[in-house]
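Worksheet: one structure, shown below.
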Amino acid sequence: MNHAARPGEVIGSSALGIPAYVDWPAILAGALLSAAFAFVLVTFGSAIGLSVASPYSGEGWSRTGFIIATGLWTLWVIVSSLMAGGYLAGRMRRRIADVTDHEVEVRDGAHGLVVWALATLFGAYLATSAALGVAKAGAEVAGTVTAEVAPKAMAKVDPLSLTADRLLRSNQSVSSEEIGRVLAANVDSDALPSADRQYLVDVVASRAGLPQEEAATRVDEAFAAARRLSEEAKAAAEAARKLGILVAFLTAASLLAGAAGAWWAATIGGHHRDERTDFSRLTRWRRPIPIKHRQGE
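So for the sequence shown, the numbering used here puts the first residue at 416; every next one is plus one.
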């Protein structure tokens with residue numbers, strides 16, 4: 416028996432032999448379209464971002480404006496690409512007979528959700544691969560210098576080094592590393608301990624040939640600068656933490672919005688499939704002139 420479907424004919428599950436409720440070719444087509452569409456938009460957005468950003472201070476967009484624009488563009492890329500893939504899956508899905516209109520709409524939307532799932536997993540795979548690649552490259556670079564840097568690094572982070580410095584203090588031989596350790600050990604305090612401050616004042620006065628008052632001023636200025644650098648580092652770390660939270664929340668919210676968009680677009684695609692909506696006018700620059708009109712010219 417010939418079960419070839421004519422154009423516009425609804426395919427019954429009995430004619431197919433099995434109830435093919437999931438149309439994988441339509442889903443894969445939608446997922447591929449979604450990935451390609453997202454890649455094009457990301458590339459285009461990168462070009463826009465490079466055009467409005469500037470490495471020079473005071474030029475280009477502000478940091479806040481750039482973050483807001485990036486967030487809105489990311490939301491648009493994710494939602495629009497998933498809607499495009501969902502619509503294609505819903506439009507290309509073969510409708511099975513003997514079901515209600517509501518069931519048809521649910522199945523169309525479910526195909527859009529599967530497109531969303533595949534596209535999300537593919538994007539997660541790419542992001543994970545990129546992160547692993549960066550981590551591997553960093554590990555290789557770090558491995559080449561570990562043998563040289565490790566002994567010095569361990570010496571700098573030794574918690575007993577400052578105590579040893581205090582035991583062996585002498586104005587005859589004082590290294591800049593020891594002075595740095597004294598400052599670093601007290602950057603979280605409001606002021607240097609009196610013993611450490613007086614020691615640094617004596618060292619600066621002896622080395623630079625300055626009176627005690629001027630040497631004390633230099634020590635206080637150096638300690639204030641060290642505290643300022645420490646506060647700036649803490650502020651940068653806090654800003655990075657907040658930015659990471661914002662990026663994670665924005666990504667999750669965009670994906671949830673993309674899931675809703677893929678469902679809705681798939682139902683619209685299924686509706687256009689059933690209604691046989693014609694978009695041919697959008698693919699033609701102009702309609703051909705009928706022959707009888709040409710003959711009358």
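Using N, Cα and C, we set each Cβ at its ideal position, and we do this for glycine too.
Cβ-based burial, residue i [other Cβ within 10 Å; buried from 16]
i	result
residue 692	exposed
residue 611	buried
residue 565	At residue 565 the pLDDT is 44, less than 50, meaning the model places this residue with poor confidence; the figure from the coordinates comes in the next sentence. So residue 565 counts as exposed.
residue 618	buried
residue 502	buried
residue 442	buried
residue 622	exposed
residue 639	exposed
residue 677	buried
residue 508	buried
residue 595	exposed
residue 624	exposed
residue 478	exposed
residue 593	buried
residue 597	buried
residue 438	buried
residue 511	buried
residue 446	buried
Cα-Cα separation between residue i and residue j, rounded to whole angstroms
i	j	result
residue 615	residue 650	28 Å
residue 680	residue 643	53 Å
residue 531	residue 694	25 Å
residue 664	residue 529	22 Å
residue 458	residue 653	30 Å
residue 599	residue 495	51 Å
residue 534	residue 527	11 Å
residue 545	residue 634	46 Å
residue 669	residue 452	16 Å
residue 671	residue 515	28 Å
residue 613	residue 626	13 Å
residue 675	residue 547	31 Å
residue 659	residue 448	29 Å
residue 493	residue 541	15 Å
residue 456	residue 662	18 Å
residue 498	residue 538	16 Å
residue 655	residue 647	12 Å
residue 602	residue 630	19 Å
residue 435	residue 450	25 Å
residue 520	residue 480	40 Å
residue 518	residue 500	21 Å
residue 606	residue 483	40 Å
residue 641	residue 462	39 Å
residue 486	residue 440	33 Å
Nearest-angstrom Cβ-Cβ length linking residue i and residue j, presumed shorter than 8 Å
i	j	result
residue 460	residue 682	Not a contact, Cβ separation roughly 28 Å.
Residue i, DSSP secondary structure in three states
i	result
residue 684	helix
residue 436	coil
residue 541	helix
residue 632	helix
residue 567	Note that residue 567 scores a pLDDT of 46, beneath 50, so its modelled location is shaky; the value from the coordinates is reported in the next line. Here residue 567 sits in helix by DSSP.
residue 461	helix
residue 602	coil
Would you mind listing the alpha helix (DSSP H) stretches within the region 478 to 513 that are 4+ residues and don't spill past its ends, in chain order? 478 to 507
What runs of the beta strand (DSSP E), each 3 residues or longer, lie entirely inside the region 607 to 662? Counting whole runs of 3 or more residues, the region 607 to 662 contains no beta strand (DSSP E) stretch at all.
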